[in-house]
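What follows is a set of notes on a single structure, which appears directly below.
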Amino acid sequence: MSDLVFIAFPTEQKAEEVRDRILALQKEYLIELADAVIAVKDDKGRVKLNQMVNMTAAGALSGAIWGTLVGMIFLAPLVGTALGAASGAIGGSFTDIGIDDTFMKEAAQALSPGNAGLFLLIRKMTTDKVLADLEGVGGTVMRTSFDQAQEQKLRDALAGHAAAAAQQAADGASADPGL
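Each position in the sequence shown, counted from 1, maps to that position plus 52 in the numbering used here.
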């Protein structure tokens, strides 16, 4: 069973940075993602999705290859390429893998204008190592399918120990009579 996580960030750049970090963790086999999408809400309230895989482009490429092959059979490879690319692009635009686009756009309406959200569809994860790597990156958990305890661990990790470290430093400074 997959888990859904939606985290809000103040900028698209910060959301991209965290997504890149998570994708690096995937290369280390610490997390397995089905999808990772960034949603950005502009000043007019419109939501733009930044998908990991552009299905329209992938469909156009696949269609162009198959169209060329079919076109060669009928001695019209250029016509076959053009028709294949067009039909592949149309088919790709209707294809939706991972998280439902309509759901993401509706959920991203909760973002403030100019903010971005990171949607993750997680198949498997080594929770303690992933949360340790994400510690202190910031962000606000908007929605998850985790249980309460796991969601709280995620919130704590995103907030990091910055506040705790600052408190310890303040306690240490006030306890040190040499200062």
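Beta carbons: idealized from backbone N, C-alpha and C, even for Gly.
Taking C-beta atoms under 8 Å as the contact rule, Leu101 and Met156 qualify, at a distance of about 6 Å.
Residue ranges of uninterrupted beta strand (DSSP E) with 3 or more members, entirely inside the stretch 141-212 and ordered along the chain, are 168-177 and 192-196.
Taking a cut-off of 8 Å on C-beta distances, the stretch 82-89 does not touch the stretch 187-201, as fewer than three cross pairs fall below it. Counting along the chain, no alpha helix (DSSP H) covers Lys96, and no H or E run does either.
For Ala128, there is no enclosing alpha helix (DSSP H), as DSSP marks it with neither H nor E. By the Cβ-count criterion, Ala184 is exposed, with fewer than 16 other Cβ atoms from all chains shown falling within 10 Å of its own Cβ. Distance from the CA of Asp87 to the CA of Ala162, rounded to the nearest whole angstrom, comes to 20 Å. For Val57, the closest C-alpha among the options Ala201, Thr178, Leu172 and Asp180 is that of Leu172. Glu69 carries a helical assignment under DSSP once its states are collapsed to helix, strand and coil.
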